[in-house]
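Counting with mature numbering (1 follows the signal peptide of the UniProt record, and there is no 0), you get residues -16 to -1, 1 to 104 for the letters of the sequence shown.
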Amino acid sequence: MKLVVATLFLAVAVLAQEKYDAADDDFNISEVLDNERLLNSYAKCLLNKGPCTPEVKKVKDKLPEALATRCAKCTDKQKQIGKQLAKEVKAKRPDLWNDLVAYYDPQGKYQEAFEDYLKP
């Protein structure tokens, strides 16, 4: 019985580590999208053209892995934030969207997966 409990505990611990930290799930993405200065500042960080806040640096560090794994380690809230951000930037700031795509996916290997991800 102790072995079963220990195994279950270990499995839960491993599964918990499979996701990115949920501490930043309360991030207000609308605040960024509604503020051109803030959006530009974050974009400069993501594109290595400017300084990063600690919050955006976390995203920047995880973005390549998230793209490669279709956000497999993202929490549901992180996926929701990512979809909202991508849809709005793509629609309202295609210039910025194109810069981000060129930087993070120059060969276009994530395009099909990303389009599937953005579907409702």
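Beta carbons: idealized from backbone N, C-alpha and C, even for Gly.
In the three-state scheme derived from DSSP, where H, G and I count as helix and E and B as strand, ASN24 is classed as helix. In the DSSP annotation of this structure, the continuous segment of the alpha helix (DSSP H) that includes ASP60 starts and ends at 60 to 76. By the C-beta density criterion, GLY92 is exposed, having fewer than 16 other C-beta atoms within 10 angstroms.
Short of 6 Å from the beta carbon of ALA27, and not among the five residues preceding or following it, lie these beta carbons of its own chain, in chain order: LEU80.
A residue is called buried when at least 16 other Cβ atoms come within 10 angstroms of its Cβ; GLY34 does not meet this threshold and is exposed.
Assignment of LEU47 by DSSP, reduced to helix, strand and coil, places it in the helix class.
If you check the CB distance, ASP100 and THR59 do not come in under 8 Å. Rounded to whole angstroms, the gap between the alpha carbons of LEU84 and TYR4 is 22 Å. Nearest to VAL43 by C-alpha distance, out of PHE11, LEU17, LYS74 and LYS76, is PHE11. In the three-state reduction of the DSSP assignment, PRO38 falls in the helix class. For TYR101, the enclosing alpha helix (DSSP H) covers residues 95 to 102.
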